[in-house]
Structure formats: C-alpha cells, structure tokens
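**Q** I have a structure here, written as structure tokens, and I will follow up with some questions on it.
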Amino acid sequence: MQGAEPKLIKAWHGKSAQELADAPVTAIYGVSEGDAELLAQAFGIKTVRDFGTNKYFRAAQAISALAD
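Adding 1 to a residue's 1-based position in the sequence shown gives its number in our numbering.
Structure (structure tokens):
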C-alpha cells in the first residue's frame, strides 16, 4: 500500500491494504513482540485492524482531535 511504507517494517512493504489490516501489529514499525503481547493481553489486539478500530484508541483520537 503506497504511502504506508515508512510506518511498516520492510517485510510488509508493497502489501495491499487488506493484507496490512490483517497483519500482526508487529508489522507496524516500532511495535515489538513484547508490545504486541501487552496489547493482546490488555485489549485483545492482535492485528493492525484490531489496533485501528479499538474503541479506546478511537475515543482517545477523537478527544485529541477536539483538543487541537
């Protein structure tokens, strides 16, 4: 998915949006295996899609946008 590459580890460059959404959160540059384990334990997040659609993170984004 063009434009997303700087945010991804190299193994995921050139993948479709669908493939990226279904990828493990470790596909995101800077998210370690340890981070992924903690996200799964705390919020049930296993994929990039889970991460992007998590209700708590979405609420935080909405509040941050209102504050800007």
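For glycine and all other residues, C-beta sits at the position ideal for the given N, C-alpha and C.
Could you tell me the boundaries of the alpha helix (DSSP H) in which Leu21 lies?
**A** Leu21 -> alpha helix (DSSP H) spans Ala18 to Ala22.
**Q** Taking the Cβ atom as the reference point for each residue, do Thr27 and Ala18 lie within a distance shorter than 7 Å?
**A** In this structure, Ala18 does not lie closer than 7 Å to Thr27 by Cβ.
**Q** At the level of alpha carbons, what is the spacing between Ala12 and Leu40?
**A** C-alpha separation (whole angstroms): 21 Å.
**Q** In the DSSP assignment, the alpha helix (DSSP H) including Ile64 goes from what residue to what residue?
**A** Where Ile64 is concerned, the enclosing alpha helix (DSSP H) stretches over Lys56 to Ala68.
**Q** How should Ala24 be labelled, buried or exposed, when 16 other C-beta atoms within 10 angstroms of its C-beta is the threshold for buried?
**A** The residue in question, Ala24, is buried, as its Cβ has 16 or more Cβ neighbours within 10 Å.
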